[in-house]
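Protein chains in written order, with the working numbering: chain S, 1 to 279; chain R, 280 to 420. Where a beta carbon is used, it is the ideal one built from N, C-alpha and C, also for glycine. Since the structure comes first, as structure tokens, the remarks are kept for the end.
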Amino acid sequence: MDITRQRSFLHDETQFAHALARAAAGAIIFALPLLMTMEMWELGFYMDRFRLALFILVTLPVLFGLSYFAGFEETFCWQDDLIDALSAFAVGFLMSAVLLTVFAIVRLDQPLPEIIGKIALQSVPASIGAMLARKQLGQQDDSDKERRIRSSYPGELFLMGAGALFVGFNVAPTEEMILISYKMSPWHAVALAVLSLGLLHIFVYTVGFAGQESAGDDGFLSVFLRFSVAGYGIALLISLYLLWTFERIAGLSMMELVTATVVLGFPSALGAATARLIV
Amino acid sequence: MADIRENDIESRDEDGSASVSRLAWISSGLGLLLFLGSVGVLGYEGITRGNGPPVITAVVVEVVPAGPRWLAHIRVTNDGGKTGAKVQVEGQLMAGDEALETSVAEFDYVPAGSEQKGGLFFDRDPRARDLRLRVLGYVEP
């Protein structure tokens with residue numbers, strides 16, 4: 001019976017319209033900090049077109065995975081997840097287009113690639129926000145199926161990655177990421193890496209946030225290695241990818257590259273740790 | 280428990296995806312269109328733009344009075360492959376080989392394949408003299 005009610009979301013016009021409206025609200029709320037960030041407008045304007053295209057390409061599987069694990073409605077087959085992912089992208093794209101036009105960042109007399117670039121870059125956080133809207137703004141009824149997938153190891157890693165991407169993305173475009181790394185000594189970087197890893201582990205297993213994991217019968221070392229270290233590794237990889245995408249690492253020495261990755265790895269690790277809160 | 284799940288999936292298959300609402304098809308179709316469109320435009324730009332250095336030129340669009348001074352509207356165009364940041368454009372009012380006045384404008388970004396607009400202020404009327412524009416330099420963003 002529960003299933004029948006939830007299924008109606010995708011198959012009933014009114015329900016789906018509600019889900020779309022909620023997605024639009026989520027897109028605006030989650031993307032607002034980036035929609036009003038100068039670096040994002042400039043990046044959408046000048047960043048390498050291939051990297052931007054690749055970034056948009058990567059967004060779709062992330063949306064698909066988020067639909068599978070959270071999504072703005074319950075889904076039961078991969079076609080439904082695809083419909084959800086594409087709908088979220090449409091909502092995110094259109095919301096970005098409307099807001100950037102109202103802000104006069106996008107004007108019709110600009111060349112088309114410039115307009116597309118600015119909107120497409122913003123549509124990444126906006127569409128993720130649209131996808132998360134159900135979780136944050138809608139009803140919070142996790143189905144058994146969802147819980148099962150969430151508790152599987154690949155599911156955990158995916159959610160950590162999505163959380164890292166979402167939080168990391170919110171700060172990655174800013175100049176401050178690089179500026180902080182310029183100010184830090186190697187010892188500062190080591191301290192920040194240790195702090196990131198420690199906080200990640202504590203957030204997930206100790207302080208008692210909603211949806212936190214219970215360490216179960218596994219020993220500390222096993223859990224620490226399988227989840228916390230793996231999660232921090234994912235956060236660092238995603239940080240490196242974001243820095244590369246935003247052309248923040250060209251010409252840096254290896255030392256500076258690592259420091260910048262660790263700096264961005266801090267918010268990313270916190271995103272990975274709290275993925276269950278925001279995703 | 281597992282049996283119930285199996286049944287649910289089977290009943291879904293019987294309904295088929297044709298029962299997905301029209302609105303869902305429209306919004307996801309729009310999403311696909313926007314997705315492929317933006318990736319296509321950006322990919323096309325990436326291919327056609329090449330990877331050469333910025334080639335930045337500046338021209339005077341028009342000169343208008345601006346209070347007690349004169350304003351030369353200028354337009355800079357980048358026909359190269361890469362974006363130039365902090366592009367400085369210098370305008371000199373010439374009297375023969377001698378520069379009477381020099382004004383400078385700086386553009387934060389002049390991306391490849393696009394144009395930006397700006398202006399230079401002068402005390403004398405540039406229309407009566409030779410106004411020489413020079414693009415001084417740029418840094419990579």
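Which bits of chain S does R:L313 rub up against, with CB to CB less than 7 Å?
Stepping through the second sequence from its first residue, residue 313 of chain R is reached at position 34. Within 7 Å of the CB of R:L313, the CB atoms of chain S belong to F89, A90, F93, in sequence order along the chain.
Name the residue from S:E39, S:G65, S:K118, S:M36 whose alpha carbon lies nearest to the alpha carbon of S:L159.
Here residue 159 of chain S refers to the residue found at position 159 of the first sequence. If we check each option's Cα against that of S:L159, S:G65 comes out closest.
Can you give me the C-alpha to C-alpha distance between R:L302 and S:V124, rounded to a whole angstrom?
Counting from 1 along the second sequence, the entry for residue 302 of chain R is found at position 23. Counting from 1 along the first sequence, the entry for residue 124 of chain S is found at position 124. Straight-line measurement puts the Cα of S:V124 at about 22 Å from the Cα of R:L302.
Compare the beta carbon distance of S:G231 and S:A272 with 8 Å and say whether it is the shorter of the two.
Sequence index remark: in the first sequence, residue 231 of chain S carries index 231 (1-based). Sequence index remark: in the first sequence, residue 272 of chain S carries index 272 (1-based). S:G231 places its beta carbon less than 8 Å from that of S:A272.
Taking R:A313 as the reference, which of S:S228, S:M95, S:R226 has the closest Cα?
For the purposes of this step, residue 313 of chain R is identified with residue 34 of the second sequence, where counting begins at 1. Note that residue 313 of chain R corresponds to Leu in the displayed sequence, not to Ala. The shortest CA-to-CA distance from R:L313 to any of S:S228, S:M95, S:R226 is the one to S:M95.
Which residue or residues does DSSP assign as beta-bridge partners of R:Y381?
Counting from 1 along the second sequence, the entry for residue 381 of chain R is found at position 102. Note that residue 381 of chain R is Thr in the sequence shown here, rather than Tyr. R:Q371, per the DSSP bridge assignment.
Would you list, in chain order, the members of the segment 318 to 341 of chain R that have their beta-carbon closer than 7 Å to a beta-carbon of chain S?
Result list: V318, V320, L321, G322, E324, G325, R328.
Is it the case that the Cβ atoms of R:S393 and S:E114 are separated by a distance below 8 Å?
Here residue 393 of chain R is taken as the residue at index 114 of the second sequence, counted from 1. Here residue 114 of chain S is taken as the residue at index 114 of the first sequence, counted from 1. Closer than 8 Å, so yes.
Using 10 angstroms around the beta-carbon of S:Y46, count the other beta-carbons present and answer buried if the total reaches 16, otherwise exposed.
As a first step, residue 46 of chain S must be located in the first sequence, where it is residue number 46. Sixteen is the threshold: when 16 or more other Cβ atoms of the shown chains lie within 10 Å of the Cβ of S:Y46, as they do, the residue is buried.
With the cut-off set at 8 Å, would you say R:V334 and R:G359 are in Cβ contact?
Here residue 334 of chain R is taken as the residue at index 55 of the second sequence, counted from 1. Here residue 359 of chain R is taken as the residue at index 80 of the second sequence, counted from 1. R:V334 is a Cβ neighbour of R:G359, given a cutoff of 8 Å.
Let's see if you can read the secondary structure: which residues bound the beta strand (DSSP E) around R:F400?
Taking the first residue of the second sequence as position 1, residue 400 of chain R is located at position 121. It spans 394 to 401 - the beta strand (DSSP E) in which R:F400 sits, taken as one unbroken run.
According to the neighbour-count rule (16 or more other Cβ atoms, all chains shown, within 10 Å of its Cβ), is S:R248 buried or exposed?
Translated into the one-based positions of the first sequence, residue 248 of chain S becomes position 248. Buried, because 16 or more other Cβ atoms sit within 10 Å of the Cβ of S:R248.
Best match in S:L32, S:L86, S:A24 for proximity to R:W304 [C-alpha to C-alpha]:
Stepping through the second sequence from its first residue, residue 304 of chain R is reached at position 25. In terms of CA proximity to R:W304, S:L86 leads the group S:L32, S:L86, S:A24.
I want to see whether chain R comes within less than 8 Å of S:L165, judged by CB atoms only; does it?
For the purposes of this step, residue 165 of chain S is taken as the residue at position 165 of the first sequence. With respect to chain R, the C-beta atom of S:L165 has no partner C-beta closer than 8 Å.
Establish whether the CB of R:T362 and some CB of chain S are separated by less than 8 Å.
Translated into positions along the second sequence, residue 362 of chain R becomes position 83. Interface residue (Cβ-Cβ distance to chain S less than 8 Å): R:T362 is classified as such.
Can you name the residues of chain S whose CB is closer than 8 Å to the CB of R:R301?
Mapped onto the second sequence, residue 301 of chain R falls at position 22. Neighbours of R:R301 on chain S, chain order: E13.
Quick check on S:R226: does DSSP put it in helix, strand or coil?
For the purposes of this step, residue 226 of chain S is taken as residue 226 along the first sequence, with counting starting at 1. Residue state, collapsed to three classes: helix.
Would you kindly check if the distance between the Cβ of R:V355 and the Cβ of R:V414 is under 8 Å?
For the purposes of this step, residue 414 of chain R is taken as residue 135 along the second sequence, with counting starting at 1. For the purposes of this step, residue 355 of chain R is taken as residue 76 along the second sequence, with counting starting at 1. Yes, Cβ-Cβ distance for R:V414 and R:V355 is below 8 Å.
Could you check whether the Cβ of S:P173 sits closer than 8 Å to any Cβ belonging to chain R?
Counting from one through the first sequence, the residue named residue 173 of chain S turns up at place 173. The Cβ of S:P173 sits no closer than 8 Å to any Cβ of chain R.
Whole-angstrom Cβ separation of S:F50 and S:A172, contact assumed at under 8 Å?
In the first sequence, counting from the first residue as 1, residue 50 of chain S sits at position 50. In the first sequence, counting from the first residue as 1, residue 172 of chain S sits at position 172. Actually they do not touch by this definition, with Cβ atoms about 18 Å apart.
Closer than 9 Å between beta carbons: that is the criterion. Which residues of the segment 383 to 407 of chain R meet it against chain S?
Residues of the segment 383 to 407 of chain R whose Cβ lies closer than 9 Å to any Cβ of chain S, in chain order: D387, Y388, V389, P390, A391, G392, S393, E394.
Counted within 10 angstroms of its Cβ, other Cβ atoms place R:Y388 as buried (16 or more) or exposed
Here residue 388 of chain R corresponds to residue number 109 of the second sequence, with the count starting at 1. Burial call: buried.
Taking C-beta pairs closer than 7 Å, name the residues in chain R that S:I83 reaches, listed in chain order.
On the first sequence, residue 83 of chain S is found 83 positions in, with the first residue counted as 1. Within chain R, the residues V299, A303, S307 have their CB atoms less than 7 Å from the CB of S:I83, given in chain order.
Using only alpha-carbon positions, find the residue among S:L243, S:L236, S:L200 that is nearest to S:F224.
Mapped onto the first sequence, residue 224 of chain S falls at position 224. Each of S:L243, S:L236, S:L200 was checked against the Cα of S:F224, and the nearest Cα belongs to S:L200.
Between S:F227, S:L192, S:L35, which lies nearest to S:P154 when the distance is taken from Cα to Cα?
Here residue 154 of chain S refers to the residue found at position 154 of the first sequence. Taking each of S:F227, S:L192, S:L35 in turn and checking the Cα distance to S:P154, the smallest one comes out for S:F227.
Quick one: is R:G310 near chain S, going by C-beta distance under 8 Å?
As a first step, residue 310 of chain R must be located in the second sequence, where it is residue number 31. Yes, its Cβ sits closer than 8 Å to a Cβ of chain S.
With 8 Å set as the bound, which would you pick, yes or no: does the beta-carbon of S:A17 sit closer than that to a beta-carbon of chain R?
Here residue 17 of chain S corresponds to residue number 17 of the first sequence, with the count starting at 1. At least one chain R Cβ lies under 8 Å of S:A17.
Per DSSP, the bridge partner or partners of R:V338:
For the purposes of this step, residue 338 of chain R is taken as residue 59 along the second sequence, with counting starting at 1. Bridge partners of R:V338: R:R354.
C-beta atoms of S:R22 and S:A97 nearer than 8 Å:
What you label residue 22 of chain S is simply residue 22 of the first sequence in a count that begins at 1. What you label residue 97 of chain S is simply residue 97 of the first sequence in a count that begins at 1. Not a contact, by the Cβ cut-off of 8 Å.
What are the partner residues of R:G363, as DSSP defines its beta bridges?
Sequence index remark: in the second sequence, residue 363 of chain R carries index 84 (1-based). Its beta-bridge partners are R:V389.
In chain order, what residues of the same chain lie with their CB nearer than 6 Å to the CB of S:T59, ignoring the 5 residues before and after it?
For this step, residue 59 of chain S is matched to residue 59 along the first sequence. Cβ neighbours of S:T59 within its own chain (closer than 6 Å, five residues either side excluded): V124.
Is the Cβ-Cβ distance between S:F16 and R:S300 less than 8 Å?
Counting from one through the first sequence, the residue named residue 16 of chain S turns up at place 16. Counting from one through the second sequence, the residue named residue 300 of chain R turns up at place 21. For S:F16 and R:S300, yes; Cβs fall inside 8 Å.
Between R:A384 and the rest of its own chain, which residues show a CB-CB distance below 6 Å, the 5 nearest in sequence each way excluded?
As a first step, residue 384 of chain R is located in the second sequence; it is residue number 105 there, counting from the start. Closer than 6 Å at Cβ, skipping near neighbours: V368, G397, L399.
Inter-residue CB distance, S:A250 and R:L321 (contact presumed, cutoff 8 Å)
Locating residue 250 of chain S in the first sequence gives position 250, where the first residue counts as 1. Locating residue 321 of chain R in the second sequence gives position 42, where the first residue counts as 1. In fact, because the Cβ distance is near 19 Å, the residues do not count as touching under 8 Å.
Give me, in chain order, the residues of the same chain whose beta-carbon lies closer than 8 Å to that of S:F55; leave out the 5 immediate sequence neighbours on both sides.
Residue mapping note: residue 55 of chain S aligns to position 55 of the first sequence, counting from 1. Taken in chain order, the residues that qualify are L121, V124, T245.
Between R:A378 and the rest of its own chain, which residues show a CB-CB distance below 6 Å, the 5 nearest in sequence each way excluded?
Residue numbering aside, residue 378 of chain R sits at position 99 when the second sequence is read from its first letter. For R:A378, where only same-chain residues beyond five positions count, the Cβ hits under 6 Å are Q371.
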